[in-house]
DNA sequence: TCCTCAAGTCATCGATCGGTGACTTACCTG
DNA sequence: CAGGTAAGTCACCGATCGATGACTTGAGGA
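Here's what the structure looks like:
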């Protein structure tokens with residue numbers, strides 16, 4: 001990712017590399033902890049180029065997070081397998097691109113600005129909660145129970161990666177699956193085989 | 001909280017006011033988003049005084065968070081009431097001193113530095129998880145189930161205050177208690193009246 | 001080959017940050 | 001009332017930040 005004197009001049013490729021490095025930096029160090037010079041230095045390019053391409057630092061941030069949203073692939077398949085799949089994706093998948101943390105958890109680090117909060121909420125609601133809502137039945141408080149289950153998955157991810165609580169950090173996916181099933185049954189009122 | 005020309009020169013009182021305003025700033029804007037000049041301006045004092053009292057910005061941060069830890073009162077009483085009390089304290093109590101958010105959730109905003117992560121982990125483990133562990137029985141994975149329940153409470157707090165998910169934001173304490181009971185029963189294997 | 005236009009660079013600005021040391025002011029004591 | 005001491009202030013430093021505009025360089029077409 002360092003400057004290579006003989007590389008070609010390719011606007012789109014350079015732009016993509018800037019976005020990639022920006023995603024990693026913003027996720028690992030947060031918005032304030034990342035400077036435009038850092039990102040440009042990772043790509044091996046002059047910092048002024050970042051402003052030519054993205055207008056401002058917040059523009060770079062928005063574009064980087066917008067492209068990251070496409071990278072999150074929501075699982076499909078039988079609804080009974082959704083909790084296990086979401087747990088795997090939120091907690092156990094190796095998000096090397098985001099310094100080992102899930103993008104959502106990493107984004108919370110930069111949630112000081114209001115637009116970041118809106119983006120996280122939209123991604124959570126339209127993405128994960130929308131998938132999870134297929135699990136809930138009934139009309140009374142379907143959405144609430146869905147969000148409660150999503151809160152659990154998010155809390156597990158945060159305690160594991162951001163806080164580093166001992167038992168959850170050591171736990172394997174197999175250690176969590178039985179509890180995943182029992183909590184899913186308690187919230188959704190039906191058996192969820194995992 | 002502005003400068004009052006006729007106020008007395010009281011080192012301890014000024015120091016306490018600095019810590020109070022620092023806690024609010026750090027919680028609301030994060031470590032990087034808070035400047036020493038901001039905190040000093042809130043108290044109505046010269047920024048240089050902050051360095052005279054706390055040595056550095058990180059010293060101010062450490063002292064502010066150390067004093068905040070004492071402010072967290074862990075509930076006691078019958079173990080059966082612990083989940084409801086913790087839920088109230090983590091989610092529904094009005095933490096006006098910390099811009100409406102629970103200190104733990106606010107601290108995650110400043111978790112870019114490593115010592116912040118250690119402090120949050122220590123506070124979670126020695127505090128909340130220690131209290132919750134009285135709920136778990138058996139020896140197989142007592143600690144894991146305790147952390148799983150703590151993860152849920154933390155996730156609820158984050159979805160409510162930091163993400164702003166719709167149903168959880170609107171939910172009252174009474175809306176959550178039945179689900180709190182069922183999940184506690186699922187994880188701890190015994191009835192928890194709430 | 002040479003010209004053109006876009007990709008990329010360079011120099012620099014103004015603001016703000018954490019931090020330092022000399023200075024001034026107010027309170028307490030004798 | 002006088003003077004010492006601690007609380008609080010002032011001026012300033014070096015570094016870094018986001019951002020701007022003029023400049024240079026390289027690749028492709030006529």
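Residue numbers (the UniProt record's numbering), protein chains in the order written: chain A, 1 to 194; chain B, 1 to 194. Each residue gets a CB set at the ideal place from its N, CA and C atoms; glycine is no exception.
{"query": "DSSP three-state assignment for residue 19(B), whether helix, strand or coil", "result": "helix"}
{"query": "Cβ-based neighbour list, residue 99(B), same chain, cut-off 6 Å, excluding 5 preceding and 5 following", "result": "27 and 28"}
{"query": "Under 7 Å by beta carbon: chain A residues contacting residue 95(B)", "result": "Within 7 Å Cβ-Cβ: nothing; residue 95(B) doesn't reach chain A, min ~17 Å."}
{"query": "Contact under 9 Å by Cβ, residue 149(A) with residue 188(A)", "result": "yes"}
{"query": "Proximity test, Cβ basis, 9 Å: residue 147(B) and chain A", "result": "yes"}
{"query": "Rounded separation between residue 183(B) and residue 11(B) - CA only", "result": "50 Å"}
{"query": "Coarse secondary structure for residue 78(A), derived from DSSP in three states", "result": "coil"}
{"query": "Reduced DSSP secondary structure (H/G/I, E/B, other) of residue 12(A)", "result": "helix"}
{"query": "Beta-carbon proximity of residue 31(A) to residue 133(A), cut-off 9 Å", "result": "no"}
{"query": "Touch test, the region 46 to 62 of chain A against the region 75 to 93 of chain A, Cβ-Cβ under 8 Å, three pairs minimum", "result": "no"}
{"query": "Member of 36(A), 35(A) and 84(A) whose CA lies at the smallest distance from the CA of residue 178(A)", "result": "84(A)"}
{"query": "Cβ separation of residue 144(A) and residue 175(B), assumed to be a contact under 8 Å, to the nearest whole Å", "result": "7 Å"}
{"query": "Contacts of residue 185(B) in chain A (Cβ-Cβ under 8 Å)", "result": "186"}
{"query": "Burial state of residue 34(A), where buried means 16 or more other Cβ atoms lie within 10 Å", "result": "buried"}
{"query": "Beta-carbon spacing of residue 119(B), residue 65(B) below 9 Å", "result": "yes"}
{"query": "Inter-residue CB distance, residue 147(B) and residue 135(B) (contact presumed, cutoff 8 Å)", "result": "Actually they are not in contact, since the Cβ atoms of residue 147(B) and residue 135(B) sit about 12 Å apart, beyond 8 Å."}
{"query": "Neighbour-count burial assignment, residue 138(B), 16 or more Cβ in a 10 Å radius", "result": "exposed"}
{"query": "Cβ-Cβ separation, residue 82(A) to residue 131(A) (assumed contact under 8 Å), whole Å", "result": "6 Å"}
{"query": "Coil, strand or helix - residue 179(A) by DSSP", "result": "helix"}
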